[in-house]
Amino acid sequence: MGIRSRIAVGIVAGLVLGITGSAAAGAAPVGFPVDVVVHTEIGGGPNDFEGNIPGCETGTVLDVDPRATFTPWGGVFKGDKEFTCDSGNGGFTVQLNARFGEPGSTGSWTLVDAWGLYEGVKGSGKLTGTYTDLGIDDRYTGSAR
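The working numbering applies: residue 54 is where the sequence shown begins, and numbers increase by one.
Next comes the structure, spelled out in structure tokens:
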């Protein structure tokens with residue numbers, strides 16, 4: 054089911070439940086899994102991504118206010134990443150906290166803003182990164198609702 058279909062079903066269900074008064078208070082929206090890979094080139098940008106987000110299977114990512122700290126054992130990255138969908142459906146910003154070093158990177162992400170078709174979506178999850186010849190492939194997994 055596409056994101057527009059999900060939205061339409063949600064609106065119809067909300068109207069029906071609102072009219073009948075049988076909705077449970079505070080019912081949570083239906084979640085879906087997130088699995089996105091960003092191909093980050095060191096010193097480059099924007100970077101490309103692909104994933105399973107309905108209506109946003111490919112796009113570009115820009116670093117927004119990145120802060121990297123280097124240590125003897127690797128480093129820490131904190132900052133926002135702005136994802137823009139190639140489809141023109143909108144995009145979203147995630148806040149990323151990650152450690153990097155050998156053999157790659159690990160961390161967590163939280164969706165902090167979204168626009169277009171994804172306005173109001175919430176999400177969070179884990180990040181794992183694997184070094185490549187050009188930089189690092191960061192894999193974002195988790196869930197959104």
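Idealized CB from N, CA, C, for every residue including glycine.
Gly160 places its beta carbon less than 7 Å from that of Ala151. For Tyr184, the pairing in a beta bridge is given by DSSP as Ile189. Following the DSSP letters along the chain, one finds Asp139 in no beta strand (DSSP E), marked with neither H nor E.
If the five residues before and after Trp126 are omitted, its C-beta is found closer than 7 Å to the C-beta atoms of Gly154, all from its own chain and listed in chain order. In the DSSP annotation of this structure, the continuous segment of the beta strand (DSSP E) that includes Val114 starts and ends at Thr111 to Thr124. By the Cβ test, the segment 104-116 is in contact with the segment 132-140, since at least three Cβ pairs between them sit closer than 8 Å.
Leu170 sits close to Gly143, with the two beta carbons spaced by under 7 Å.
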